[in-house]
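Working notes, structure below.
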Amino acid sequence: MRFKGLVIFLLVHTLCYGQLNIPCNNWLNLPSYQSYVKVGDLDVPGNTITVEAIFSRTAPYSNGYNWAGDLVSKHVDPSDANYLLRPNNAEITTSNGFFTTPPICEIQLNKVYHAAMVYDGNTLKFYRNGFLMSSVPATGTLFQNNHQTRIGLYDALVHNTNLIGYINEVRIWNVVRSQSQIRAFMNTSLPNPTTQTGLLAYYTFDNLLNKQGNTAWNGTLGGSATINATIPTCNFVADSCAIPPCSNWLSTPSASSYARIGDLDVPGNRITVEATINRTQTYLPGGGNNTEGDVVSKHTDPNDVNYLLRPNHAYITTTNGFFATPDICDIELNKNYHVAMVYDGAFLKFYRNGFLMSQVPATGNLIQNNFNTQIGRYDATVWNTQFLGYINEVRIWNVARTQAEIRTYMNSSLPTPPTQTGLLAYYIFDNLLNKQGNPVWNGTLSGAAAINSVNPVCSFIEDSCFIESCSPKGDFIFRTDVCNPLNISFLTNSTSYNSIEWDFGDGNSITGTSTPSHIYSSTGNYLVRMIQRYPTCNDTVLKQIAVNIQNDNQVILTSDTTICFGTTKQLRTSTSLGFCWTPATYLDNPNSANPITSTPRNITYYYTAEIPGTNIISNGNFNAGNTGFTSAYNYATPNLTEGQYYVGTSPQAWNLSLSNCGDHTSGNGNMMLINGAPTPDVKVWSQTVTVTPNTNYAFSTWIQALWPPNPAQLRFSINDNDVGTLITASLPTCTWTQFYTTWNSGNNTTANISIVNKNTQVIGNDFALDDISFAPVLIKRDSVKIIVDTPLVVATNSTAICEGRSVQLNATGAATYSWTQGATLSDPAIANPIATPTGTTRYIVTGTTLAGCEAKDSVDITVNPKPIITKSANDTICAPNSIRLSASGGVAYSWLPAASLDNPTSATPLATPASTTNYIVTVTGANTCTNTDSVKIDVRSPNSFSINPPGQVCINAPIQLVAGGGDIYLWQTNPTLSSTSIPNPTATPIATTTYTVLITDTLCNNSTTLSTIITALPLPTIRTSKSNDINCVLLQSKLAATGAATYTWSPAATLNTTTGATPVASPTVTTQYVVSGTNSNGCTNKDSVTVNVTKDNLVNYQMPTGFTPNNDGLNDCYGIKYWGNVTEIDFSIYNRWGERVFYSTKVGDCWNGIYKGVIQETGVFVYVIKANTACDPAVFKKGTFILIR
């Protein structure tokens, strides 16, 4: 709307900017629809922007200010406006919603204007000709889109919002330009554009280059647009708004002064009548509101009012009776007003200066009469209802005009009246012509009425009523319906007013209720006004209410989830005050913030909730004790009477009769314990907080009853105005319940918030408060997608196979698979295993999807048995004889190889093999299953006798002889044969021997004698020796072996090697060593040698008496020698002062006469030695020696 607060003055200002200091011939011309310049995807991010342009519109437009044309656009619709500048308003979309500046007065055609929009993160402002014409609170970061920035027409081309005319000096900034900066260059070119801070793009249309310098944003022409055009009107007047001329009014100075129109009936159930008026004389004494004057009339009495518009009310008569809007505050004399009446078939409404002042329900079709429509006085002359003063801009419509449409032209002339929908008559009193164009309704003057009169008051003030304002008497709160966030319920607890009116800020209003509800058509910021009329004053509460839904993906804590069909999922959300799930389908409890869904199908749940921000209450959980707040009750412990409170953890410790309840925050922390007094409106708890103007807040508390009788009754209070509904403590005791209300701060910067007592009974009223919160509240929406995984696993069809055969199974519909009967499958964990069942088997496959969901299917594999084959036995024949084979058990037969058979498909074929043959028969049963078996026919021929060829073997080693071709074998007697009557005896020759066998084939009646020679290879002669036995001095013995090529010794534990001819033995006990020698023929023989271990040659462990460390290579190091086998040693040397100069535990170490890097002088030293040897486990030696230099 066009005002902020209650009153705004729209004055005509002319600054010192009369000259347009830019060329007249470098303009962008947009002559018709789809004329524009395309710039590119020039997004402006963040929360600061300025957009400017100079323009002149040359063609009229209709349908209101939104159709004045797009100057600079990066948008398609209100959901995505990065920026949109038009002649009468500006629009943006941010992370917090859509914002548009209120409409202002219309532009005039063929006139040059400068327009600018500025968003600074808090407010969206619209400037025209350097004047701040309108603004709206706005927050959030600018919405980014992929649309083209265009000059003249937006990117979508759905609606004709083309600016028809001329545009120049387009500037796009990512900074906030001040009003003085805008004015400095609004009628002149921008100097040094490449160095201007925050300038992104700048166009003067001598060409399409971006004068800021970034070529990415050079423009291209679209449609019929042209550049370098000459603008016809090349001057600039920096005024703010036009008002109707002061010299073309109808003057009605005395009784019977009016303009007569004629019998202009308006039929049906729609009408709008408007006029601009200035009354200059008082009413008739005692006449009341009916004598304030007829502005536009077609009536004589209440029975026949087609329409009647007066300064304070409106009348109609319909087929359902007479209807009159309630009278409102009187007008002032010598002041300009716009008045309008609207009947829409449901209500008769009366507007003054664009405000809906009163209304009454009304229905029916308008009564038609034969009276004249008259301006200034009604057609009859019975009563003096003459309007005395000036009248202009009279408009009669057969449509119901909206409040926004009325406001748009209430202080300016109506553009292009012949094309206005529903306009029947329109009068501007430079003459009496009907400017709508229908000459039937041209007017005539009567009495002292005159046209072209000068109205001495040539200004317009958009106020509603001049009535003294009351001191604040009330406030109102509101509640958003979270299931429909556009539905807002309002509530005031004020009383004793005569009447109450609500203006919802979107052109709709209501009267007579303290609890209205209103559904807005779209999100946005709305200026809501509650007017309470008292006998001597009016109390008006004006608040800007944000009707917004903020998308926030942190509200629902549950991520998008896939569940299995038939399972459930619990949805979890963050803390909220009120909430709504949509849809509620398949939720176990839609009234729970954390319901469980059992959806059988894919679904997206939307969760809309009132989400509180940061709590600005100090010590709201009372953890800091009795601080940060005030109370009209007395702080005392223990509790002895009513009207006392205490901050503590135990109600019973404070008062033994109270229940033992815990706090709400943690169960064992502080809370405010109260024994309420029976006095109403006492502030139980109170705190003053700093608030942000025009911000929605949620005031909430948790309460529990501490004693059952008469539970507490409280109410929230803000700035001493009760808000919200009663707060009651629930029973049973110790039951915490949350109450909250929402409140808009309006223009307040601080708020005294309180919880006041409303209980007036003495008994009971014992309760506790905790976790009091006062926080900004936003309506946020989030969604969660539940995908239901419904796997359908399909296995191959059941089938039959033959015993011993395999079949491939197959399953589809899942990611992984698991089959039963895994032992008969090639791989039970794949989709297509090979099955080899031993009998009829049912295989069940379980398929698991990527989401872990399972489904099953089964396949039956019937196993048919193989035929049982009965066949002839294996046999032997003599060549070239034949033999009859036979097989049974089936219905079909097939023999292989077939070449030597008379009929290979016969069950009994005749076989004539030329050599030994294995005949394989395949038998097919009646179930088509097959089985195989074989019959071996050995064929003997005269030349088939054989004996193994000559061979060789080591003496006494076995070798097998092999003879063949007969069935009786007789070997020549030899003691080295294991048997003389078998074909394959074992021979163990001790010398080279010829073995002879007689082979007889009784089947074929043949025999022969064959021989073979086995050469006996000699064994090696092994001889062993040792170098010595082991004693206390000789610790090793060298062994030796001869007579072979390779050797292997044992035992290996005390040998340095087990191979070779000369190993070294180091036994600790007497040991026999055995050697196995192998010669070049591979024949092996053995020998042994014993190494004796004794304690002979025991040493006396002597030490040298001195040494000479002079590096001559002789006696340079002092240590043990000739001690035999020393296994451990602890060796120390001390000087004469007892200082140890050498120490070692390593056998063989000795001292070189140096200590700590210093060469020791000649002297006597002491040695101490502890050692273990092979012959003595505990040797201890101590003595002295001389170091000689």
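Counting in our numbering, the sequence shown runs from 13 upward without gaps.
Just so it is clear, CB atoms sit at the ideal spot from N, CA and C, and this is done for glycine as well.
Boundaries of the alpha helix (DSSP H) in which Pro663 is found, first to last residue: 663-666
Whole beta strand (DSSP E) runs in the segment 957-1019 with 3 or more residues, listed along the chain? 963-966, 980-983, 1005-1013
With respect to the beta strand (DSSP E) encompassing Ser192, which residues constitute its N-terminal and C-terminal limits? Element bounds for Ser192: not the beta strand (DSSP E) but the alpha helix (DSSP H), 191-196.
Using a Cβ-Cβ cut-off of 8 Å (strictly less than) and excluding sequence neighbours within five positions of Leu1215, which residues of its own chain qualify? Outside the shown range of the chain, which is 13 to 1201, sits residue 1215, and nothing can be said about it.
Three-state secondary structure (DSSP) at Lys1194? strand
Helix, strand or coil: which one does DSSP assign to Phe21? Low per-residue confidence applies at Phe21: pLDDT is 29, beneath 50, and the placement is therefore not dependable, though the value from the model is reported in the following sentence. Phe21: strand per DSSP, three-state reduction.
Report back the beta-carbon spacing between Pro149 and Ile119 to the nearest angstrom; my notes put them in contact at under 8 Å. At roughly 25 Å, the Cβ-Cβ gap does not stay under 8 Å, so Pro149 and Ile119 are not in contact.
Output the boundary residues of the beta strand (DSSP E) element that contains Glu1173. First-last for Glu1173: undefined, no H or E at that position.
Under 6 Å Cβ to Cβ from Pro879, same chain only, skipping five residues before and after it: list those, please. Gly901, Gly902, Val935, Gly937, Asn943
Val1153, buried or exposed, once every other Cβ within 10 Å from all chains shown has been counted against 16: buried
Close-in-space but distant-in-sequence residues of the same chain around Ser912 (CB under 8 Å, 5 per side omitted): Ala923, Thr924, Pro925, Ala926, Thr929
C-beta atoms of Val567 and Asp734 nearer than 8 Å: no
Compute the beta-carbon to beta-carbon distance between Ile715 and Phe641, rounded to the nearest angstrom, for a pair I have assumed lies under 8 Å. With 8 Å as the limit, Ile715 and Phe641 do not qualify as a contact, their Cβ atoms being about 15 Å apart.
Would you call the CB atoms of Tyr6 and Trp1163 closer than 8 Å? Nothing about residue 6 can be reported from this structure: the residues present for the chain run from 13 to 1201 only.
Assigned secondary structure, Cys28 (DSSP; H/G/I helix, E/B strand, else coil): Residue placement at Cys28 is flagged as unreliable, the pLDDT there being 34, under the threshold of 50; a coordinate-derived value is accordingly withheld.
How long is the line joining the alpha carbons of Asn627 and Ile767, rounded to whole angstroms? 16 Å
Three or more beta-carbon pairs under 8 Å between the segment 856-863 and the segment 882-895, yes or no? no
For Phe577 and Arg613, I'd like the C-alpha separation in whole angstroms. 8 Å
Candidates Cys1095, Tyr1113, Ala1056: which alpha carbon is nearest Cys1187's? Tyr1113
What's the gap between the Cα of Asp493 and the Cα of Pro602? 15 Å
Kindly indicate which residue of Pro115, Gly834, Leu436, Leu144 has the alpha-carbon position closest to the one of Ser192. Leu144
Might you give, ordered along the chain, the residues of its own chain that have their beta carbon closer than 7 Å to the beta carbon of Thr238, omitting 5 neighbours on each side? Asn41
Option nearest Thr112 by Cα separation, candidates Asn94, Gly688, Ile686: Asn94
DSSP state of Arg419, grouped into three classes? helix
Please report how far the alpha carbon of Val1138 lies from the alpha carbon of Lys1107, in whole angstroms. 14 Å
Would you report the Cα separation of Thr245 and Val540, rounded to the nearest angstrom? 42 Å
Continuous beta strand (DSSP E) stretch holding Lys123: start and end: Per DSSP, Lys123 belongs to no beta strand (DSSP E) and is neither H nor E.
Coarse secondary structure for Gly524, derived from DSSP in three states: coil
Quick one: residues in its chain with C-beta nearer than 6 Å to the C-beta of Asn1091, no 5 flanking neighbours on either side, listed in chain order? Pro1032, Ala1056, Ala1057
For the structure I just gave you, are there three or more beta carbon pairs, one from the segment 346-361 and one from the segment 259-271, closer than 8 Å? no
Compare the Cα-Cα distances from Asp1099 to each of Pro1075, Thr1074, Ala1053 and report the closest residue. Ala1053
Can you tell me whether Thr1185 is helix, strand or coil according to DSSP? strand
Looking only at its own chain, which residues have a Cβ that is under 7 Å from the Cβ of Ile522, when we skip the five neighbours before and after it? Trp514, Pro528
Do the segment 547-563 and the segment 781-791 touch if we need at least three Cβ pairs shorter than 8 Å? yes
Do the CB positions of Leu804 and Ala867 come within less than 8 Å of each other? yes
If you compare alpha carbons, which of Asn759, Leu726, Ile784, Thr811 is closest to Gln773? Leu726
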